[in-house]
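Visitor: Before I ask anything, let me first share the structure, which is written out below as structure tokens.
Protein chains in written order, with the working numbering: chain A, 1 to 300; chain B, 301 to 650.
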């Protein structure tokens, strides 16, 4: 009877394992079947010339070709511009809205949350088609309003002009990215320990000082999360491009995501498409890494 | 949360004014979709936009129409601002008044439109010229598209809720080997861009002969680890002592899960369900890749296709956009609290 305790312990552990995996099983099946397996396949096929007719190992050829592909470089540049503009704007803007709204009553802050979330729930496609109408050269609201206000003298073909098209897309992207950060910041600001704020106020700190010294460090983890999700979302901007400009005019709005779609769907170059996908994933990883570094040094 | 008294500073007035402008800017696309869906090609193709779909009212009195066209937008804005100011007020009574004003005005507008409509056309509803866009839309496969979307969203919601609740509970409360490793793989997968895996996913679905069926959209959605992550956060709040006590009482694992765990994580399941439903509804890219015939399309893909085929038939496209947007906006408004909770809990504790 001396080993009963150890025996029991071992039995309990085995049971815990069995039960744990039994509960995990359905989720793991889906996760490995439809997330991990395709991820592995993306990596493997990126080293092949996989297409309708061939499937041979070609080493790093796809990656080398990507860096020689002028359109890919242009698309990468556009993608980076979108990210570098939208991430800071979304973060600062949502922080500002949240800081104005979070002290209002429940109904008011709900109201603003709903309004700023509206473009997201309305759906990418619905929002995109209405903007396409508003941007239209002849029938668009924008040209009508701007010419009547005297801001522009004649109609501008917003989406057909390389100088404006990318900025139009960024504007719409901003309206569809801002809802979630606002919701997150409102709840983060509401969770800041009020006694700290009061103590600082008693010590004579002004609003701005209270914000930077007390609140900002406490909402840092939320900021980091917002930076990461906004970065990922901006990198993946696809529907806007496909429906508004199809990457044009003259590739001025082409992005990595849209180019992957073209190669996969129109040219059937799966290997090359996957290689660009892997490069996109690496690019996102690099951005996320720097954001974590930035957040860390800011915190200390 | 305690509400501090807000001083009226110039900054605050300026901030509220700017906020009001933003509210208009953010709500406008939806307004333009809905009003646009009631406009005829003649109105849409004229150089002067009509702020309201006056043909819907169709009073036959040009005086009214002209009046509304000129003062309509300012009036709408004024009402919005008044309702908002009342809503912002601390006093419960004034707050309620704001709600009443808002709702009355909306109901009044609907009633007026109905009255004008009926008095003009008698009581025969269908096929009136003002609803032309909708008649044309439904003569296409729009109802089928709606049904497909609904089926995909409901199945994805159901399967995600079940699998994620089970897995979230296991990760939070079961000390099985490899638990930490599995969880970190889940988290890392979440940080990777979803679209990168779409080409292999497309091939996989063709291989399984699921391409161009609803399951090609449902299965990858269920596999996405966000739900597990969310449910783990909720399941962690279950006190271990309760689980221990149930075990000592001789309850089996399944019984414990159903009788103890499920009720305690119910708010989490609600949040996850509504979140999954809305995000699946709007997951255009996956649907576009997987569904490519008129019969299997979702509403998003259908509208995108309409837009590509008849790019300047804005009335028809807006009717499609309205049909796609309104159900999900209503669902969002009704379950807003659950939804907000879902996205905050997923983030703040992670």
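For every residue, glycine included, the Cβ atom is placed at its ideal position computed from N, Cα and C.
Strictly under 7 Å for the Cβ-Cβ distance: is residue 341 (chain B) near chain A by that measure?
Guide: It does not; no Cβ of chain A falls within 7 Å.
Visitor: If distances are taken between C-alpha atoms only, which option among B:531, B:561 and B:532 comes closest to residue 545 (chain B)?
Guide: Of the candidates B:531, B:561 and B:532, the one whose C-alpha sits nearest the C-alpha of residue 545 (chain B) is B:561.
Visitor: Can you tell me where the alpha helix (DSSP H) with residue 573 (chain B) in it begins and where it stops?
Guide: Segment 562-581, the alpha helix (DSSP H) holding residue 573 (chain B).
Visitor: Could you tell me the alpha carbon to alpha carbon distance between residue 312 (chain B) and residue 28 (chain A), rounded to whole angstroms?
Guide: Between residue 312 (chain B) and residue 28 (chain A), the C-alpha separation is close to 51 Å.
Visitor: So within the stretch 421-501 of chain B, which uninterrupted alpha helix (DSSP H) runs reach at least 4 residues, ignoring any that extend past its ends?
Guide: Fully enclosed alpha helix (DSSP H) runs of 4 or longer: 432-439, 442-473 and 479-491.
Visitor: So is residue 520 (chain B) buried or exposed if we call it buried at 16+ other beta carbons inside 10 Å?
Guide: It counts as buried.
Visitor: Between the stretch 95-110 of chain A and the stretch 180-195 of chain A, do three or more beta carbon pairs fall short of 8 Å?
Guide: In short, these stretches touch, since the Cβ pair count reaches three.
Visitor: How big is the Cα-Cα spacing for residue 184 (chain A) and residue 640 (chain B)?
Guide: Going by the C-alpha atoms only, they are around 9 Å apart.
Visitor: Round the Cβ separation of residue 615 (chain B) and residue 341 (chain B) to the nearest angstrom and send it over; I've been treating them as touching at under 8 Å.
Guide: Right, their Cβ atoms sit about 6 Å apart.
Visitor: Is the CB-CB distance between residue 243 (chain A) and residue 128 (chain A) below 7 Å?
Guide: Yes. Within cutoff.
Visitor: Between residue 613 (chain B) and chain A, is the shortest Cβ-Cβ distance under 7 Å, so that the two count as touching?
Guide: Chain A contact via Cβ: absent.
Visitor: Kindly indicate the opening and closing residues of the alpha helix (DSSP H) around residue 4 (chain A).
Guide: Counting along the chain, the alpha helix (DSSP H) containing residue 4 (chain A) begins and ends at 4-31.
Visitor: Which of the residues in the stretch 76-94 of chain A, read from start to end, lie with their CB under 8 Å from any CB of chain B?
Guide: Against chain B - using a Cβ distance shorter than 8 Å - the stretch 76-94 of chain A contributes no residues.
Visitor: Within the chosen definition, does the stretch 314-333 of chain B reach the stretch 70-87 of chain A through at least 3 CB pairs nearer than 8 Å?
Guide: Touching, no, given that fewer than three Cβ pairs across the two stretches are closer than 8 Å.
Visitor: Beta-carbon of residue 26 (chain A) versus every beta-carbon of chain B: anything under 7 Å?
Guide: Taking Cβ atoms only, chain B reaches closer than 7 Å to residue 26 (chain A), which makes this a yes.
Visitor: Could you work out which residue in A:198, A:202 and A:110 is closest to residue 636 (chain B) when comparing CA atoms only?
Guide: Taking only the C-alpha atoms, the option nearest residue 636 (chain B) is A:110.
Visitor: Against chain B, does residue 187 (chain A) count as a neighbour if the rule is that its beta carbon must be under 7 Å from one of theirs?
Guide: Yes - at least one Cβ of chain B is within 7 Å of the one on residue 187 (chain A).
Visitor: Please list the terminal residues of the continuous alpha helix (DSSP H) segment that includes residue 76 (chain A).
Guide: 70-101 is the span of the alpha helix (DSSP H), which, as asked, contains residue 76 (chain A).
Visitor: Touching or not, the stretch 203-223 of chain A and the stretch 142-159 of chain A, by the rule of three or more beta carbon pairs under 8 Å?
Guide: They do not touch, by the three-pair rule.
Visitor: Do residue 535 (chain B) and residue 469 (chain B) come within 7 Å of each other at the CB atom, strictly closer than that value?
Guide: It is a contact, given that the beta carbons lie within the stated cut-off.
Visitor: Given a cut-off of 7 Å on the beta-carbon distance, is the pair residue 630 (chain B) and residue 122 (chain A) in contact?
Guide: In this structure, residue 122 (chain A) does not lie closer than 7 Å to residue 630 (chain B) by Cβ.
Visitor: Ends of the alpha helix (DSSP H) at residue 515 (chain B)?
Guide: It spans 515-523 - the alpha helix (DSSP H) in which residue 515 (chain B) sits, taken as one unbroken run.
Visitor: For the structure I just gave you, are there three or more beta carbon pairs, one from the stretch 566-578 of chain B and one from the stretch 547-555 of chain B, closer than 8 Å?
Guide: Output reads no: the stretch 547-555 of chain B does not touch the stretch 566-578 of chain B.
Visitor: Out of curiosity, what's the CA-to-CA distance linking residue 90 (chain A) and residue 9 (chain A)?
Guide: Going from the Cα of residue 90 (chain A) to the Cα of residue 9 (chain A) covers about 53 Å.
Visitor: Counting beta carbon pairs with one atom in the stretch 50-64 of chain A and one in the stretch 227-234 of chain A, are three or more of them shorter than 8 Å?
Guide: They do not touch, by the three-pair rule.
Visitor: I want to verify the contact list: residues of chain A whose CB lies under 9 Å from the CB of residue 479 (chain B), in sequence order.
Guide: Simply 20 and 24.
Visitor: With a CB to CB cut of under 6 Å and the five nearest residues on each side skipped, what residues in its chain are close to residue 200 (chain A)?
Guide: So the qualifying residues of the chain are 210 and 214.
Visitor: Where are the alpha helix (DSSP H) runs, 4 residues long or more, that stay fully inside the stretch 199-269 of chain A, in chain order?
Guide: Here the runs fully enclosed are 220-235, 239-244 and 256-265.
Visitor: Expressed to the nearest angstrom, what Euclidean distance is found between the alpha-carbon atoms of residue 587 (chain B) and residue 158 (chain A)?
Guide: Near 28 Å, if we compare the C-alpha coordinates of residue 158 (chain A) and residue 587 (chain B).
Visitor: Is any beta-carbon of chain B found at less than 7 Å from that of residue 314 (chain A)?
Guide: With chain A running from 1 to 300 in the structure shown, residue 314 (chain A) is simply not present.
Visitor: Does DSSP put residue 57 (chain A) in a helix, in a strand, or in coil?
Guide: Note: residue 57 (chain A) maps to strand in three-state DSSP.
Visitor: Using a beta-carbon distance cut-off of less than 8 Å, what residues from the stretch 460-477 of chain B approach chain A?
Guide: The residues in question are 462, 463, 464, 466, 467, 469, 470, 471, 474, 475, 476 and 477.
Visitor: Give the interface partners of residue 553 (chain B) over in chain A, defined as CB-CB distance under 7 Å, in chain order.
Guide: Simply 19.
Visitor: Can you pull out the residues from the stretch 102-119 of chain A whose beta carbon lies closer than 8 Å to at least one beta carbon of chain B?
Guide: Flagged, chain order: 103, 104, 105, 107, 108, 110, 111, 112, 113, 114, 115, 116, 117, 118 and 119.
Visitor: Would residue 212 (chain A) be called buried (16 or more neighbouring beta carbons within 10 Å of its own) or exposed?
Guide: So residue 212 (chain A) counts as exposed.
Visitor: Any idea if residue 301 (chain A) is buried or exposed, counting beta-carbon neighbours within 10 angstroms, 16 or more meaning buried?
Guide: Given that chain A is displayed from residue 1 to residue 300, the structure contains no residue 301 (chain A) and the question cannot be resolved.
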